[in-house]
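With numbering that gives the first Met the number 0, you'll find the sequence shown wraps up at 289, consecutive numbering, no jumps. Please read the structure below before turning to the comments.
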Amino acid sequence: MTNIDKGRGPFQYLLAVTVISVALIILNMVLGMRIPFSVHFLLGYVGALLVFVVWHAVLTKGWKNSLFMFGLSFVVAFSAETLGVNFGLVFGHYYYSEILGLSLFGVPFLAALAWEPILYAAFCISDLLSPAVVSLPSRSSHRVSPLWMAAIAALATTAWDMMIDPIAVSQGWWTWVGGGPYMPYVANGVPIQNFIGWVGVAFVINLIYRKVADCVPQPSRSASLSLYGPLTLYISLFLTSFGVAITILERPEVALVGTLAMGPFIVIALTNLPVILLNLSNITSPITYS
Numbered sequence: 000m001t002n003i004d005k006g007r008g009p010f011q012y013l014l015a016v017t018v019i020s021v022a023l024i025i026l027n028m029v030l031g032m033r034i035p036f037s038v039h040f041l042l043g044y045v046g047a048l049l050v051f052v053v054w055h056a057v058l059t060k061g062w063k064n065s066l067f068m069f070g071l072s073f074v075v076a077f078s079a080e081t082l083g084v085n086f087g088l089v090f091g092h093y094y095y096s097e098i099l100g101l102s103l104f105g106v107p108f109l110a111a112l113a114w115e116p117i118l119y120a121a122f123c124i125s126d127l128l129s130p131a132v133v134s135l136p137s138r139s140s141h142r143v144s145p146l147w148m149a150a151i152a153a154l155a156t157t158a159w160d161m162m163i164d165p166i167a168v169s170q171g172w173w174t175w176v177g178g179g180p181y182m183p184y185v186a187n188g189v190p191i192q193n194f195i196g197w198v199g200v201a202f203v204i205n206l207i208y209r210k211v212a213d214c215v216p217q218p219s220r221s222a223s224l225s226l227y228g229p230l231t232l233y234i235s236l237f238l239t240s241f242g243v244a245i246t247i248l249e250r251p252e253v254a255l256v257g258t259l260a261m262g263p264f265i266v267i268a269l270t271n272l273p274v275i276l277l278n279l280s281n282i283t284s285p286i287t288y289s
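If you want it as structure tokens, here you go:
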């Protein structure tokens with residue numbers, strides 16, 4: 000069985016999760032239903048995405064790299080959340096609702112785990128957004144700056160939070176003490192420090208992983224499996240968040256800002272993907288980080 004054959008499982012699974020999520024949103028729009036945003040729904044949705052990212056990562060990066068990446072992401076994200084909740088550092092002053100379930104030091108485990116899907120999707124599609132990767136055949140040495148790649152992934156990660164944070168505060172998942180200037184009419188708004196914190200945390204996680212692990216698409220691997228899946232995940236996160244912003248939150252401006260933030264990453268990635276797949280098939284030397 001080839002890598003591509005093995006990759007059909009997680010890819011088809013993700014498509015099913017996406018279709019179900021979008022179908023719920025469409026039913027909400029057409030029939031006036033309301034998606035039950037209970038902790039059970041959140042656990043189910045985040046859990047479904049976690050199954051995909053772990054499955055995909057093990058197939059494309061190996062279990063050691065996968066364990067390191069997800070462990071690193073959880074520890075750094077949980078630590079940053081702990082500093083925020085207890086000391087107002089990193090993201091600003093906020094606190095979580097009990098609706099998110101089991102917590103430690105005021106941080107629900109669900110909140111820390113929810114970082115994993117978006118971090119993984121943004122990490123992988125940063126390869127689709129880097130000119131250094133797109134133009135591989137024209138480079139004498141296939142080297143990619145980890146700083147550049149980490150910055151792209153951090154911005155792609157934060158773009159999603161610009162849509163999900165107003166949704167979360169409107170549902171009472173967490174509360175910003177004193178609010179903030181971003182979407183101030185949605186539960187008093189979100190502080191700008193939050194987004195700076197997101198960029199910083201995502202950048203640190205991506206930079207450490209890229210420095211330590213072998214994680215770029217290699218000619219010997221299934222490039223389509225490595226890249227199509229995470230891009231689909233990123234699009235799935237966009238579509239579900241967009242739909243919830245329109246139907247549950249009833250704030251089209253939140254959906255618009257989210258589209259303007261996430262849209263460029265999606266469009267550029269879709270544009271670059273065919274070129275990268277062709278380039279990877281034409282080179283034999285490995286890609287490394289300088």
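By construction, the Cβ of each residue, glycine as well, lies at the ideal position given by its N, Cα and C atoms.
The alpha helix (DSSP H) with residue i in it runs from where to where?
i    : result
W175 : Unbroken run through W175 is the beta strand (DSSP E), 173–175; no alpha helix (DSSP H).
P165 : 145–169
Y208 : 191–211
M182 : That residue, M182, is in no alpha helix (DSSP H); it is neither H nor E in DSSP.
E80  : 62–86
Going by the CB atoms, is the gap between residue j and residue i shorter than 8 Å?
i    : j    : result
N205 : F90  : no
A153 : F202 : yes
R209 : A149 : yes
A155 : I191 : no
M47  : Y119 : This sequence places Ala at residue 47; Met is not what is there. The answer is no: Cβ separation not under 8 Å.
F237 : I207 : no
I166 : A244 : yes
A121 : Y233 : yes
Just tell me which of the options has its CA closest to the CA of residue i.
i    : options                : result
H92  : P116, I98, F69, V189   : V189
F86  : E249, V176, G257, V198 : V176
T81  : E97, K63, F104         : F104
M162 : S144, V256, T59, L42   : V256
P183 : G228, L232, E252       : E252
V45  : S240, A244, L58, F122  : S240
V200 : G228, G83, T174, Y181  : G83
K63  : L88, V211, I245        : V211
L248 : D164, F77, S65         : D164
G178 : T258, L232, Y94        : Y94
T174 : S96, M68, F51, L42     : S96
Between which residues of its own chain and residue i is the CB-CB distance below 6 Å, once the five residues before and five after are set aside?
i    : result
A158 : A260, M261
V168 : A186
Sorted by chain position, which residues of the same chain lie with C-beta nearer than 7 Å to residue i's C-beta, five sequence neighbours on each side aside?
i    : result
D160 : F194, W197
T270 : none
A268 : I124, L127, L128, L230
I117 : T156, W159, L236
S72  : W114, E115, L118, I204
L88  : L82
Once the 5 residues before and after residue i are set aside, which same chain residues still bring their CB inside 8 Å of it?
i   : result
S65 : V53, A56, V57
Entirely enclosed alpha helix (DSSP H) segments - the region 89–127, minimum 4 residues: Given a length threshold of 4 residues, each whole run of the alpha helix (DSSP H) inside the region 89–127 is given here in chain order: 108–112.
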